Each structure stands twice: as C-alpha cells, then as structure tokens.
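Since the structure comes first, as structure tokens, the remarks are kept for the end.
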Amino acid sequence: MEGTHLVRPAVAALVASLVAVRAYGRKSLDFSGALAGFLVMAVHIAAGYRYGAMLLVFFFTSSKLTKVGEEKKRKVDPDFKEGGQRNWVQVLSNSAIATVLVVVIWTLTGWKDECLDSGKSALITSLIGGVIGHYSCCNGDTWSSELGILSDEQPRLITTFKPVRKGTNGGVTVQGLMAAAAAGAVIGISFVLVGFLTTKCTLDVALKQLLVIPLSTLAGLCGSVIDSLLGATLQFSGFCTVRNKIVGKPGPTVKKISGLGILDNNAVNLVSILMTTMLTSIACVYIF
55 MEGTHLVRPA VAALVASLVA VRAYGRKSLD FSGALAGFLV MAVHIAAGYR YGAMLLVFFF
115 TSSKLTKVGE EKKRKVDPDF KEGGQRNWVQ VLSNSAIATV LVVVIWTLTG WKDECLDSGK
175 SALITSLIGG VIGHYSCCNG DTWSSELGIL SDEQPRLITT FKPVRKGTNG GVTVQGLMAA
235 AAAGAVIGIS FVLVGFLTTK CTLDVALKQL LVIPLSTLAG LCGSVIDSLL GATLQFSGFC
295 TVRNKIVGKP GPTVKKISGL GILDNNAVNL VSILMTTMLT SIACVYIF
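Residue numbers for the sequence shown follow the working numbering, so the first one is 55 and each next one is one higher.
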C-alpha cells in the first residue's frame, strides 16, 4: 500500500505532464486547456489506472478524429476551431463530473482498485459506473459528431426526422450513431483490460466485468442521442445566408432551423454527460 502511495502519484504526474505538453505543442489544447488537462489527468491516474486509461483513450481518439477532414468541417461546423484546439472550459465540461467521482472513489477505497460488485459495495459500484458512463458519453458524442459530419449520408433532425443541413445541432445519421456506439465500446474495453491487471476479485466477479463492454456501448449511443435531443430543442441552429453555413446564434441574415438558444454547446455536453453518468451509475448497481 505504501508503495502504491508513492508510485501511482509519480506515474500520474509524469504521464499527465507528457500528455499536456504534447497536446499543447500539437495545438490540441491551448495553454489553459493544457493546464486543466494536466490537473484532471493527474487526478484520474492517481485515483486508479483504469480511470486514467478511459480518459486517455477519450482524449487521444477524440483529438485525432477532430483533425480528420478539417477542410470539410470548416465549411459546415459552426463550432469549428483550427486544429480542434480546446480551452479549459471545454476540458472541464468533458471531465469535471468524472473528476469529482474519481476523487470520491479514491477517498472511499483508500487507493484500492475495486471491481464492480454491488454485493460488496453498491456505492462504489455506482460511482465507478458513473465514470464509465461519463467517458462513454463523451467519446460517443465526439466520435458521432466528428465522423457523422463527414458522412455523405443526409442528416435528419432527431426530433422530427426531417432532412437538415450538415452541422445542424440535433442532426443525426446512422453512421454517426454507429460511431457513438463504437466509441462507447472502446471505453469499456479499456476499462476491462486495465482492470484485469490492476484489480483483485473472485473469478465469477472478474468475468462479470466483461459486461462493462456492452453497457458502455449502450452508454455511448445513449449519450449521443441525449446530446442530439438537447441540441435539437435547447440549442439554436440557423443558416446564415451571408456566410453560407450553419451558425449557432441568431442574426439579421440568419434563418432559424431549430432550437431555442437556451444552452450553448458546452452546456449541452455537460447536461448530456450528467444524464448518461446517472443512468449508467444506476444500471451498474443492478447489473453487477
């Protein structure tokens, strides 16, 4: 236990430093984003390697996909940023809830990596399930958005199923939804594989951890659907006749497509993450 107290924080600080510097150098994060990313990543890895693995899988895959097809995205995405560079607000909107959960888990377990097992502790199982749901949602939403917008398929507004322009908040495609499910599965796989190396539990409980993969797959899909529903109803989308693209704010040259303008993109992400986190947390208590 004493060795863990020394080794894991040291590994956390080293890995978080390397990733933050690399992300800043490659313009995946600006300075504020890199600083926030370092703190969040260090906390995750120090709390448990499984949590660090899920965060790293989400960060690296989403950063890579953000840079795929940039020319096409620049023309249709109202929130497009050169290089996909993210600031501290975007980092925390995609990690704050999970960070709170892993700190609570860290405190309750005393540094020990626990298996999902409601028979032993329903509270710990629900908290771990929440972290899984959190990153399944984040990854699912990112993969769905980044790959869906590049699809040749006609997007449809999730609330009416009417065809809409690419980049419209709440517009979905079959390819985008499939990408969300795959993204969730990747998060579950990373959790299970690292967990086999870092946790100790009976054989039947260990094998049951494999159920995380279909659960995280569903969480990725569910998170993307919730995000799209919120985007279609509470986030403004309009078409600017001057810029000839979808925009996120009303104006004299903007024709409204959908949404009320109550939430911005970061708020939509936060609410969808919170809802998916809660649903996955509850599901884990009943499944495990």
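Glycine included, each C-beta is placed from N, C-alpha and C at the ideal position.
All values derive from a computational prediction rather than experimental measurement.
- When the beta-carbon positions are compared, residue 183 and residue 278 stay at least 9 Å from each other.
- Per DSSP, reduced to three states, the secondary structure at residue 306 is coil, with no helix or strand assignment.
- Residue 280: not part of any beta strand (DSSP E); member of the alpha helix (DSSP H) spanning 266 to 288, first to last residue.
- Segment contact: the region 190 to 205 against the region 218 to 230, three or more CB-CB distances shorter than 8 Å; contact assigned.
- Listed in chain order, the non-local C-beta contacts of residue 187 below 7 Å within the same chain comprise 273, 330, 331, 333, 334 and 335, local neighbours out to five positions each way being set aside.
- Taking a C-beta distance under 9 Å as the contact criterion, residue 296 and residue 287 do not qualify as a contact pair.
- Nearest in C-alpha terms to residue 246, of all of 267, 322, 149 and 208, is 267.
- Boundaries of the beta strand (DSSP E) around residue 292: 291 to 294.
- Rounded to the nearest whole angstrom, the CA to CA distance from residue 112 to residue 193 is 5 Å.
- Restricting attention to 104, 172, 105 and 189, the CA atom closest to the CA of residue 239 is found in 189.
- In the three-state reduction of the DSSP assignment, residue 225 falls in the strand class, which pools E and B.
- When rounded, the separation of the alpha-carbon atoms in residue 91 and residue 63 is 16 Å.
- Between residue 155 and residue 181 the beta-carbon gap is near 5 Å, inside 8 Å, which marks them as a contact.
- Bounds of any beta strand (DSSP E) do not take in residue 218, whose DSSP letter is neither H nor E.
- Annotation for residue 158: the continuous alpha helix (DSSP H) segment containing it runs 150 to 163.
- In the DSSP assignment, no residue is bridged to residue 248.
- The way I'd put it, the region 143 to 161 does touch the region 82 to 91; three or more beta-carbon pairs between them come closer than 8 Å.
- Within the DSSP bridge table, the entry for residue 300 names 293 as partners.
- Taking residue 310 as the centre and dropping the five residues before and after it, the same chain places the C-beta of 292 and 304 closer than 7 Å to its C-beta, in chain order.
- Secondary structure at residue 82: coil, using DSSP grouped into helix, strand and coil.
- Look at residue 314 here: in three-state DSSP terms it is coil, with no helix or strand label.
- Burial state of residue 256 is exposed, judged by a 10 Å Cβ sphere holding fewer than 16 other Cβ atoms.
- C-alpha of residue 213 to C-alpha of residue 263: approximately 35 Å in a straight line.
- Taken atom to atom, the span from the alpha-carbon of residue 102 to that of residue 269 is near 20 Å.
- Excluding residues up to 5 positions away in sequence, 132, 292, 294 and 308 lie with their Cβ nearer than 7 Å to the Cβ of residue 301 in the same chain.
- Its chain contains 288 and 289 as the residues whose beta carbon lies nearer than 6 Å to that of residue 317, once the 5 sequence neighbours on both sides are disregarded; these appear in chain order.
- Nearest to residue 141 by alpha-carbon distance, out of 217, 86 and 68, is 86.
- With a cutoff of 9 Å on beta-carbon distance, residue 106 and residue 69 are scored as near each other.
- Residue 222 counts as buried, since at least 16 other C-beta atoms from the protein chains shown sit within 10 angstroms of its C-beta.
- With a 10 Å radius around the Cβ and a threshold of 16 neighbouring Cβ atoms, residue 254 comes out exposed.
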